[in-house]
Amino acid sequence: MRSWHELAWCAALTAAGIGLLATGSGPAPGPDSSEVTAAPTAGRVDEPGDKGEGFRVSYGRDIRPILSDRCFKCHGQDPGSRQAELRMDERESVTMQRKSGRVVAPGKPDESLILERITSHDPDEVMPPPSAGKKPLTEDEKALIRRWVAQGGEYEPHWALVPPKRGEAPKVKMPGWVKNEIDAYVLASLDGVGLAPSEPADRETLVRRIYLDLTGLPPTPEEIKAFTDDRAPDAYENLVDRLFTQEPYRTRTAERLTMPWLDKARYADTNGIHMDAGRQMWLWRDWVINAFRDNMPYDRFIVEQLAGDLIPDATVQQRIASGFNRNHVTTDEGGAIPEEYLVEYAAERTATTSSVLLGLTMNCVRCHDHKFDPLTQNDYYSMFSFFNSIEEPGLYSQLPDPQRAFEPFIVVPTPEQVAKRDELTKTLGELKAQLETPSPEEDAQREKFFADLSAENAARWADATLVSASARGGGTLTPQPDQSVLATGENPEKDEFTLVYKTSATGLNAISLEALLDPSMVEGRIGRAFNGNAVLSKLSAKVTSLADPSQSRDILFNWAWADHEQPNGDFRITSTFHPSPAAGWAVQGYDMKENRLALFRASEPFGYEGGSEIRVSLSFDSQYDKHTFGRVRTSFGGLSNADFLPATLGSWHRVGPFMQASTEEAYTKHYGPEDFSSLDLTHDFGGGLKWAFPGPLPDGVVSNSLFGGAAVTYLGRYAYAPSARKITVSLGSDDGFQLFVNGAMVAENRTDRGAAPDQDKATFDLKPGENLVVMKVVNTGGPGGFYFRVLEDGQALPKDLVAALAPPTARSESRTQSMQTAWKMQYSTRYRDLTQGVAAKQLEIAALDAAAPKTMVMKDLPTPRETFVLKRGEYDKPDKSRPATRAIPASLGKLPEGAPANRLGLAQWIVSAENPLTARVIVNHYWEMLFGRGIVRTSEDFGYQGDWPSHPQLLDALAVDFRDGGWDLRQLLTKIVTSNTYRQSSKVRDDAKAKDPDNKLLAYFPRTRLSAEQIRDQALYLSGLLVEKAGGPSVKPYQPEGLWQEVAMLQSNTRIFERGKGEDLWRRSMYTYWKRAAPPPSMLTFDAPTRESCTVRRTATSTPLQALALWNDEQFVEAARVLAQRTLKEPGDDRERLNRLITRCTGHAPNDKDLDALTIALTAFRDRLRANPEDATKIVAVGEAPTPTDLDPSELAAWTMICNAALNLDACITRG
């Protein structure tokens, strides 16, 4: 049985003989169908064609590129690599008299050392030397240098560093062709080489061109017809205006203009390094779209992105704009050095700002002075210092939330969220007011409860006298007037306090332990550790008769309770019953300045007639050195009513995974842990599987941290009951579970599900003392998880009310307040309902806040960091003798008068008239967007190594107009697209190819392949699938399974790709979720960058994989199928439908020959698919868009293959 992939190849082979159906598998059409650059000295097209006696050599245009490429590395401005003290970039250096003569003797080439050395055949004399690894000069280049020297060897400033000036438009041979000044400059260049412009493009081609160039989407057949039928003289100009100003075109144009800016700004949805964690930045992307939609002046567009946060009284939108320089990659790799990455972040911002807005390769100056451009290391670090004082960590934390915004960030709730929050806050205030209203009736009931508790003698505390106190480690324990003991002196890594008391009381069964704050501890805290914390490993006690010392025994405990247990480890009070280095009762003294209380209940009463000595030992033997209590108080008493005491639970331990042969076996087989009566941490259940503490697994919270896949995981914990009782617990599991108590199964649910709260209940018996609870979780696939909490515990007091049984000395004001609150929660329906209402509203507010969009922004430190030149660019090698102050490169001048020395001042200079670069650079970007190639081909490099402009005066005229005309991008684009230069035919001409092989002079319009995003968007649009919804979070359309997992760390929150649903599958490509480690594969196939760094200019490649993607990618096959559905719904016969299909896809109707070939192909597909209906079923099942039930599957499949071919046409994926 054939797959639809095989049938796609059949379609390709069928189409191969059809002229119209040439796919994109040939060379990718570029502006010149070639990336080969002509040598700068031969056959130049930006100079007069005649190189006779009248030809004037230009240093900047003709000579500097040769010297820069061959000479500047060893004879340039970088003193570190300069040889022979010769600077070929300075006229003074080359014309000075040396021992052997002058390198350049103006007007005298035969006396010039440069000619002697470049024409030498001696390998020890020739320049550049063979060891330099440079290409020898060609004969044309040598001749050009000779002519330059003969003409005086004049130097001139680099064109890009001279402020642009607007000259008069040149006179031309065909003035009637000139629509605006662009045409004058272009035509003058063509005149210079004896070429004429091309005829205008036909109206069908022109309308498709302008739609694709401005909106990124093709025109519909109706829009094509409307334009071709409109014969008004200004029909085209009116169309251009509509595309800019009327919806939906205005938003489409804004989205199209945003796409290349996302490349430049290296926008993505993940951080790029190590975990490649998800992050929120889409609000910045939406700001860019809105800026283009509103035609924001481009100077403001730049300033707000570079320094929106520094604008006085900055608005939220201006702060969002500043995220431009937060788009870079960041790291969360454990072990990374924060200081190193702070340098990398600042360096990245410096490089991006310079490349995108100045056209300078500043990164080349990080380690040394620039080899070619007039940029020094001091210049680099002066620029760097603008970006080196951001309030950010170098190393970010790892969190599971893929919607996180990395600090600094702001929260930007929607208007609806703001209104909802105001409403919730108002309701919350009303509930709190009711909650705080006194209730005399409740107060009386509460006082009676506590009085009754005392009357029942639920707790009685005896008098005891401290006899002695000692510390094993040599410290001093001094009795205090309040019966406590204060530790001073030595504090060894491990210790044990021994406290000896005498009492006459009998029938005791409880010990109270209070850990008390003391001003002599660190910051007046509770423990003696450096951070004020303490960890009790064990409490042991022994009672001896004073009347008969031979009567003596250990006091054994079967229950313990504490008012607080540190939540971030195995730190429950019951951990003291099974001490280990990593476990014990930790009191969180490092951030909670409160007294702590613990109660221990003995399994048997203690105390002898005639008096007793009670020896209490407090052990501090955990792995947390010096974590001892600073001041403690011990009391002895009787907790007579054990039923009042709630069961206490130990920490969960885990063992697994145990692999299963089948689900049935998983439930029926005992792997061992359920058969034990204790958590033996040393026992090996096979394969090295042992009980271990996995980290805190809190009750009442779903944990999805169990082992994934088809496996069994066991969870075990101790439960301590002071008396026999029944308890009821709430359970959840992923997938099924069995619950064992003391070796007996008490509950089970064999099911397939995800874990959630309160999925099952179980009631079981606990014996007095220690019980073992084991939960066996059977996972049948995917992640595993569980849920557990106690629902009912007989007549036991709530946990916080147990403190009412404590000695009077432990009843502080704050603890009394807590008990009163606990009583109201347990016994007052009114208070409980109000409290739950408050909690519910607080949760709603928290959920609303969590759901509010966030975005990363720039935020400067209050005091700027010191910046120094870094030796070799290394973060840990600052040259303290070379401090860097904020400044622009010296060769470009100074910050404007009065401008602040921060990013705002830098931004103000960047858009100032004193800056010769930015207006030129921006104009060049948009010329490149429309013509496929900039006036300066190297749009990222306007320096000495960059290309000379094809039309220098035109670039300057456009730059000056753009800058002085209010930085109006819409005006600039309108001028370009309404020129006759833009409206030319794209038919390649032999005469032009002969004189201008790369079409730099634009004798005809350059055909270019659509961008990766445009190809996908066009397929969706033509089929009718495209969902035109502007802005919002990124979406996840189709992509092959498993790609993210291949490149992701196990803990990454973007490891698993979860495909979107519904509209998310068919949004414009600019909204596709961009994971830097694995960008959308079809986008990469068509040359989209990874966005790990700034990309000013995309490269164009042509590979067989591109054709394969168009034929086989699920999203393109689905688009073809839906396009087929659309075609079949239209009236007419096959030829009429094929005509409309090709017109829709290419903008042109097919000729009879092509229609004949298409009809033959359609018939062949019909025959094949009718004979193989299972193949047809597979084809029409591709994608989630609904398939009409009223269409014959074989007919729909045949048309799908034809539509697939149409979407692959060179005429479809190319803009002509």
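Anchor point for the sequence shown: position 892 equals 882 in my numbering, and the numbering is continuous, going up by one each time. Virtual Cβ for every residue (Gly too), placed ideally from N, Cα, C.
>> Here's a check: name, in chain order, each residue in its chain whose Cβ is nearer than 8 angstroms to the Cβ of Thr210, leaving out the five neighbours to either side.
In response: Position 220 of the sequence shown holds residue 210. Within the same chain, Thr210 has close Cβ partners Arg1134.
>> Starting from Leu347, trace the alpha helix (DSSP H) in both directions and tell me its first and last residue.
In response: Position 357 of the sequence shown holds residue 347. Per DSSP, Leu347 belongs to no alpha helix (DSSP H) and is neither H nor E.
> Run through DSSP, which three-state label would Glu212 get?
Replying inline: Residue numbering aside, residue 212 sits at position 222 when the sequence shown is read from its first letter. DSSP places Glu212 in helix when its eight states are reduced to three.
> Starting from Asp1146 and walking both ways along the alpha helix (DSSP H), at which residues does that stretch end?
Replying inline: Taking the sequence shown and counting its residues from 1, one reaches residue 1146 at position 1156. Element bounds for Asp1146: 1142 to 1161.
>> To test your reading of the DSSP string, which unbroken alpha helix (DSSP H) runs of 4 or more residues are found completely within the region 182 to 237?
In response: 193 to 205, 211 to 219, 225 to 235
> Can you tell me the Cα-Cα spacing of Gly16 and Ile292, whole angstroms?
Replying inline: Position 26 of the sequence shown holds residue 16. Position 302 of the sequence shown holds residue 292. Residue placement at Gly16 cannot be trusted, given a pLDDT of 38 that sits under 50; what the coordinates show is reported in the next sentence. Cα to Cα, the separation comes out at about 39 angstroms.
> What is the DSSP secondary structure of Met352, reduced to helix, strand or coil?
Replying inline: What you label residue 352 is simply residue 362 of the sequence shown in a count that begins at 1. Looking at Met352 - three-state DSSP - the assignment turns out to be helix.
> By the 10 Å Cβ neighbour count, where 16 or more other Cβ atoms means buried, how is Gly933 classified, buried or exposed?
Replying inline: Along the sequence shown, read from residue 1 onward, the residue named residue 933 stands at position 943. With 16 or more other Cβ atoms within 10 Å, it is buried.
> Got a sec, what are the start and stop residues for the beta strand (DSSP E) Ala76 sits in?
Replying inline: In the sequence shown, residue 76 corresponds to position 86, counting from 1. Residue identity check: residue 76 is Leu in the sequence provided, not Ala. First-last for Leu76: undefined, no H or E at that position.
>> Rounding to the nearest angstrom, what Cα-Cα distance links Glu480 and Gly620 in this structure?
In response: Numbered from 1 along the sequence shown, position 490 holds the residue referred to as residue 480. Numbered from 1 along the sequence shown, position 630 holds the residue referred to as residue 620. Using only the alpha carbons, I get a separation of about 12 angstroms.
>> Considering only the alpha carbon of each residue, which of Arg801, Gly771, Leu365, Ala1090 lies closest to Gly883?
In response: What you label residue 883 is simply residue 893 of the sequence shown in a count that begins at 1. Nearest option by C-alpha distance: Leu365.
>> If you reduce the DSSP assignment to three classes, tell me which class Thr455 lands in.
In response: Sequence index remark: in the sequence shown, residue 455 carries index 465 (1-based). Three-state DSSP puts Thr455 in a strand.
> Where does Trp681 fall in DSSP's three states?
Replying inline: Locating residue 681 in the sequence shown gives position 691, counting from the first residue. Coil at Trp681, not helix or strand.
>> So if DSSP puts Arg562 in a beta bridge, which residue, or which two residues, is it bridged to?
In response: Position 572 of the sequence shown, counted from the start, is the residue given in the question as residue 562. The partner list for Arg562 (beta bridge, DSSP) is empty, contrary to what the question assumes.
> DSSP on Asp173, reduced to helix/strand/coil?
Replying inline: The residue labelled residue 173 in the question sits at position 183 within the sequence shown. In the structure shown, Asp173 sits in a helix (DSSP, three-state: H, G or I).
>> Distance check for Pro328 and Arg46, CA to CA, integer angstroms please.
In response: Along the sequence shown, read from residue 1 onward, the residue named residue 46 stands at position 56. Along the sequence shown, read from residue 1 onward, the residue named residue 328 stands at position 338. Going by the C-alpha atoms only, they are around 56 angstroms apart.
> Quick one: what does DSSP say Thr340 is sitting in, helix, strand or coil?
Replying inline: To locate residue 340, count along the sequence shown from 1; it is residue 350. It is helical.
>> Applying the 10 Å Cβ sphere with the 16-neighbour rule, what's the burial state of Gly1122?
In response: Translated into positions along the sequence shown, residue 1122 becomes position 1132. Flag for Gly1122 reads exposed.
>> Can you tell me whether His643 is buried or exposed? The criterion is at least 16 other CB atoms within 10 Å of its CB, across all chains shown.
In response: Here residue 643 refers to the residue found at position 653 of the sequence shown. Label assigned to His643: buried.
> In or out: Glu294 buried (at least 16 other Cβ within 10 Å) or exposed?
Replying inline: Counted from its first residue, the sequence shown places residue 294 at position 304. The residue is buried, with at least 16 neighbouring Cβ atoms inside 10 Å.
> Which residues in the same chain as His1138 place their Cβ atom closer than 8 angstroms to its Cβ, once the five residues preceding and following it in sequence are excluded?
Replying inline: To locate residue 1138, count along the sequence shown from 1; it is residue 1148. Excluding positions up to five away in sequence, the list reads Glu194, Thr195, Ile1132, Ala1201.
>> Buried or exposed, going by whether 16 or more other CB atoms sit within 10 Å of the CB of Thr806?
In response: By one-based count along the sequence shown, residue 806 stands at place 816. So Thr806 ends up on the exposed side.
> In the structure shown, what three-state DSSP assignment does Phe697 receive?
Replying inline: Your numbering for residue 697 matches position 707 in the sequence shown. Reduced to three states, the DSSP call for Phe697 is coil.
> Considering only the beta carbon of each residue, do Ala588 and Leu503 sit closer than 7 angstroms?
Replying inline: Stepping through the sequence shown from its first residue, residue 588 is reached at position 598. Stepping through the sequence shown from its first residue, residue 503 is reached at position 513. Taking 7 angstroms as the Cβ cut-off, Ala588 and Leu503 qualify as a contacting pair.
> Since His1211 sits in a beta bridge, which residues does DSSP pair it with?
Replying inline: Shown here, the chain extends from -9 to 1206; a query on residue 1211 therefore has no answer.
> Below 7 angstroms between beta carbons: does that hold for Gly313 and Met919?
Replying inline: In the sequence shown, counting from the first residue as 1, residue 313 sits at position 323. In the sequence shown, counting from the first residue as 1, residue 919 sits at position 929. Cβ distance not < 7 angstroms, so Gly313 and Met919 don't count as in contact.
> Roughly how many angstroms separate the alpha carbons of Pro539 and Pro469, rounded to a whole number?
Replying inline: Within the sequence shown, the letter at position 549 stands for residue 539. Within the sequence shown, the letter at position 479 stands for residue 469. Pro539 and Pro469: Cα-Cα distance of roughly 25 angstroms.
>> With H, G and I counted as helix, E and B as strand and the rest as coil, what does DSSP make of Met649?
In response: Here the question's residue 649 lines up with position 659 in the sequence shown. Of the three classes helix, strand and coil, the one that applies to Met649 here is strand, per DSSP.
> Counting pairs of beta carbons, one from the region 237 to 247 and one from the region 812 to 822, are three or more of them closer than 8 angstroms?
Replying inline: no
> Going by DSSP, what residues sit across from Gln1035 in a beta bridge?
Replying inline: Against the sequence shown, residue 1035 aligns to sequence position 1045. In DSSP, Gln1035 forms no bridge with anything.
>> For the structure I just gave you, are there three or more beta carbon pairs, one from the region 1052 to 1072 and one from the region 219 to 239, closer than 8 angstroms?
In response: no
> Could one say the Cβ of Arg1058 lies closer than 7 angstroms to chain E's Cβ atoms, at least one of them?
Replying inline: The structure shown contains no chain E; it is built from a single protein chain.
> To the nearest angstrom, how far is it from the Cα of Phe561 to the Cα of Glu382?
Replying inline: As a first step, residue 561 must be located in the sequence shown, where it is residue number 571. As a first step, residue 382 must be located in the sequence shown, where it is residue number 392. Each residue's Cα considered, the two are about 33 angstroms apart.
> For Ala6, does the count of other Cβ atoms within 10 angstroms reach 16, so buried, or fall short, so exposed?
Replying inline: As a working note, residue 6 is residue 16 in the sequence shown. For Ala6, the pLDDT reaches just 40, beneath the cut-off of 50, and the residue's location in the model is therefore unreliable, although a value from the coordinates is still provided. Classification of Ala6: exposed, given that the 10 Å Cβ count is below 16.
>> Going by DSSP, what residue range makes up the alpha helix (DSSP H) through Thr468?
In response: Translated into positions along the sequence shown, residue 468 becomes position 478. Counting along the chain, Thr468 falls outside any alpha helix (DSSP H), though it belongs to the beta strand (DSSP E) covering 466 to 469.
> Does DSSP put Trp1064 in a helix, in a strand, or in coil?
Replying inline: For the purposes of this step, residue 1064 is taken as the residue at position 1074 of the sequence shown. Note: Trp1064 maps to coil in three-state DSSP.
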